[in-house]
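Here the structure is laid out as structure tokens; the discussion comes afterwards.
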Amino acid sequence: MMNAYNEADWGVSTDGDLFSPSFDHRDSLGQFNPFQDYDETTPSSSSFAAATATADTTTRASTPDLPTTTTTNTNDASNVYMKIHVDDPQKQSAAVQGSFISYLITTETNLETFASKRSRSVRRRYQDFVWLHDSLSLENPACIVPPLPEKHRLSYINGDRFSDAFLERRRLGLQWFLDRIACHPSLQRSQCTRIFLESPDFKNDKRAIQATHVPKPPSILDTLGDVLMNAFTKVKKPDQRFIDMQEYVDKLEDNIRNIELLYARISKRQTSLQHDYLSFAWSIREISAMESSIDMPLRQFAETTETYSKYLKDMTSTEDILFLNDLHELLAYCQAVKDVLQRRDESQIDFEELSVYLQRTLAEREKHPEKSAELEPKIRELEAEVAKTSDITNEFSEQMTEEFEIFQKSKATELKQGMLAYADSHIDFYTKGVALWESILPVLENIQLDDDDNNNNSNSTEEDDA
Numbered sequence: 185m186m187n188a189y190n191e192a193d194w195g196v197s198t199d200g201d202l203f204s205p206s207f208d209h210r211d212s213l214g215q216f217n218p219f220q221d222y223d224e225t226t227p228s229s230s231s232f233a234a235a236t237a238t239a240d241t242t243t244r245a246s247t248p249d250l251p252t253t254t255t256t257n258t259n260d261a262s263n264v265y266m267k268i269h270v271d272d273p274q275k276q277s278a279a280v281q282g283s284f285i286s287y288l289i290t291t292e293t294n295l296e297t298f299a300s301k302r303s304r305s306v307r308r309r310y311q312d313f314v315w316l317h318d319s320l321s322l323e324n325p326a327c328i329v330p331p332l333p334e335k336h337r338l339s340y341i342n343g344d345r346f347s348d349a350f351l352e353r354r355r356l357g358l359q360w361f362l363d364r365i366a367c368h369p370s371l372q373r374s375q376c377t378r379i380f381l382e383s384p385d386f387k388n389d390k391r392a393i394q395a396t397h398v399p400k401p402p403s404i405l406d407t408l409g410d411v412l413m414n415a416f417t418k419v420k421k422p423d424q425r426f427i428d429m430q431e432y433v434d435k436l437e438d439n440i441r442n443i444e445l446l447y448a449r450i451s452k453r454q455t456s457l458q459h460d461y462l463s464f465a466w467s468i469r470e471i472s473a474m475e476s477s478i479d480m481p482l483r484q485f486a487e488t489t490e491t492y493s494k495y496l497k498d499m500t501s502t503e504d505i506l507f508l509n510d511l512h513e514l515l516a517y518c519q520a521v522k523d524v525l526q527r528r529d530e531s532q533i534d535f536e537e538l539s540v541y542l543q544r545t546l547a548e549r550e551k552h553p554e555k556s557a558e559l560e561p562k563i564r565e566l567e568a569e570v571a572k573t574s575d576i577t578n579e580f581s582e583q584m585t586e587e588f589e590i591f592q593k594s595k596a597t598e599l600k601q602g603m604l605a606y607a608d609s610h611i612d613f614y615t616k617g618v619a620l621w622e623s624i625l626p627v628l629e630n631i632q633l634d635d636d637d638n639n640n641n642s643n644s645t646e647e648d649d650a
């Protein structure tokens, strides 16, 4: 059958508690400027320096420092909009918990669940995002709750979790997390989301929400235990819709991982080439020390090569932040989809196994009429539970269909923006490169060679004789 979808930590919170798509990612460069760490070496020639500066400023104007990433979710039918900024990471300290990073979260929305339509800002740390994720997951088991950026990445383990590059990757991941929530019709309206985005008393409001999460009483499924259910049970009558979804996500994951591997090779070659350009520039400088007559032009050529190497490094850094990071987050999003598909299957398995158990009990009553009085309460309980799980499974299935459509839209938007960011970084690099090499041409053309001096002297003598 044709695949229908081929087209297309545990931690400590701020208060110390323990607890286990219209958006352009290219705009996110406003907070992280890969150019600022470099001490640009300008050539000695004033005209050449002016030309190089012109090349740099002209090309950077094509990718200006734009505002922090913004997500706008608009529902045309009800004119609902939601804009969220993740901005201004700041290092803070706590007596018991040590240092941590907090982020400024600014929200604009006209959702009726929020207190005001005016822009509001709060500061939240990573563990507060964890609370929001876990609360939404508990509250909406049939929803694809967006994943958070990984906490324990290598840079975090190595103690570099306060570097600019790491903080920008983390900020982008948290931005994508909130972007997906803002685009989700159920998650955006959750009280957990509202408290996270606007509460000035987050600690107490969070505890009030947690107090409302009353554990469900045990059902007949819990009493049956492992006698009836086990982890290896499979759906007896699978729904082709969800088979197609699973196959689609598996193929998407494979393709994204393949892109990651290929990009890793490209990035490695770019890094190697960047180092080669630096070595090349060093060798040119060595020659300039030997050739006093053309020392200045050669040094300017070496400086041009070094600047070009920095442009190449900038491009690779930008790609890693906006493109490769996007791929990582998409892979995590795919896993979140698979987790919800698995929960939907488990719901259907519950229904199928309970139905089988009910049929066995009915058969036992038919076979042993003397046990009717004993079995009747059990049969009524099973019939009620079968009807209940049937409703749950049907609702879960319908919700999963809607959730997958939301995922498809978000995925398409994020892939588009990742590719655009990749293309923009290359356009910026090559535009600056062309301007840079053009600026050195007059310097090279003005080099006076000995043959040129002899020819000029010869021409002067002939003119005097005439």
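In terms of this note's numbering, the numbers along the sequence shown are unbroken and rise by one, the last being 650.
We put the beta carbon where it would ideally sit given N, CA and C, even for glycine.
Of the listed residues L599, I533, K275, nearest to S283 (C-alpha basis) = Mapped onto the sequence shown, residue 283 falls at position 99. The candidate whose alpha carbon is nearest that of S283 is K275.
query = Are at least three pairs of beta-carbons, each pair with one atom in the stretch 599-613 and one in the stretch 492-505, less than 8 Å apart?
reply = yes
ask   = Should I450 be labelled buried (16 or more other beta-carbon atoms within 10 Å of its own) or exposed?
value = Start at 1 with the first residue of the sequence shown, and residue 450 comes out as number 266. With fewer than 16 Cβ atoms within 10 Å of its Cβ, I450 is classed as exposed.
message = Measuring only the C-alpha atoms, how far is E569 from E530?
response = Walking along the sequence shown from the start, residue 569 turns up at place 385. Walking along the sequence shown from the start, residue 530 turns up at place 346. If I take the Cα positions, the gap works out to 15 Å.
Where V618 falls, given that 16 or more other Cβ within 10 Å makes a residue buried = Position 434 of the sequence shown, counted from the start, is the residue given in the question as residue 618. Exposed.
ask   = Can you tell me whether E579 is buried or exposed, with buried defined as 16 or more other CB within 10 angstroms of its CB?
value = In the sequence shown, residue 579 corresponds to position 395, counting from 1. It is exposed - the Cβ of E579 has fewer than 16 other Cβ atoms within 10 Å.
key: First and last residue of the uninterrupted beta strand (DSSP E) at L271   = In the sequence shown, counting from the first residue as 1, residue 271 sits at position 87. A quick correction: the sequence has Asp, not Leu, at residue 271. Where D271 is concerned, the enclosing beta strand (DSSP E) stretches over 264-278.
request  = Express the C-alpha separation of N294 and A465 in angstroms, rounding to a whole number.
outcome  = What you label residue 465 is simply residue 281 of the sequence shown in a count that begins at 1. What you label residue 294 is simply residue 110 of the sequence shown in a count that begins at 1. Cα to Cα, A465 sits roughly 57 Å from N294.
request  = Mind checking who G282 pairs with in its DSSP beta bridge?
outcome  = What you label residue 282 is simply residue 98 of the sequence shown in a count that begins at 1. According to DSSP, G282 bridges with A278.
request  = Give a yes or no on whether the C-beta atoms belonging to R364 and Y287 are separated by under 9 Å.
outcome  = Here the question's residue 364 lines up with position 180 in the sequence shown. Here the question's residue 287 lines up with position 103 in the sequence shown. Against a cut-off of 9 Å, the Cβ pair of Y287 and R364 comes out as no contact.
inquiry  = Relative to the C-alpha of L620, which candidate in A607, T491, S581, Q583 has its C-alpha closest?
reply    = The residue labelled residue 620 in the question sits at position 436 within the sequence shown. Taking only the C-alpha atoms, the option nearest L620 is T491.
message = Looking only at its chain, what residues have a beta carbon closer than 7 Å to the beta carbon of T545, apart from the 5 residues adjacent to it on each side?
response = As a working note, residue 545 is residue 361 in the sequence shown. The residues are L559, K562, I563, L566.
query = Would you call the CB atoms of L633 and F485 closer than 9 Å?
reply = Working through the sequence shown from its first residue, we reach residue 633 at position 449. Working through the sequence shown from its first residue, we reach residue 485 at position 301. Contact: no.
key: H317, buried or exposed, once every other Cβ within 10 Å from all chains shown has been counted against 16   = Stepping through the sequence shown from its first residue, residue 317 is reached at position 133. Buried.
message = So, for F591: in the same chain, excluding its five sequence neighbours on each side, which residues have a beta-carbon less than 8 Å away from its beta-carbon?
response = Locating residue 591 in the sequence shown gives position 407, counting from the first residue. These residues qualify, in order along the chain: I328, Y517, V521.
inquiry  = Counting C-beta neighbours from all protein chains within 10 Å, is the total for N509 16 or more, i.e. buried, or is it exposed?
reply    = Here residue 509 is taken as the residue at index 325 of the sequence shown, counted from 1. It counts as buried.
query = In terms of DSSP beta bridges, what is L288 paired with?
reply = What you label residue 288 is simply residue 104 of the sequence shown in a count that begins at 1. Paired residues: D271, R307.
query = Where does T293 fall in DSSP's three states?
reply = By 1-based counting over the sequence shown, the position of residue 293 is 109. In this structure, T293 counts as strand in the three-state DSSP scheme.
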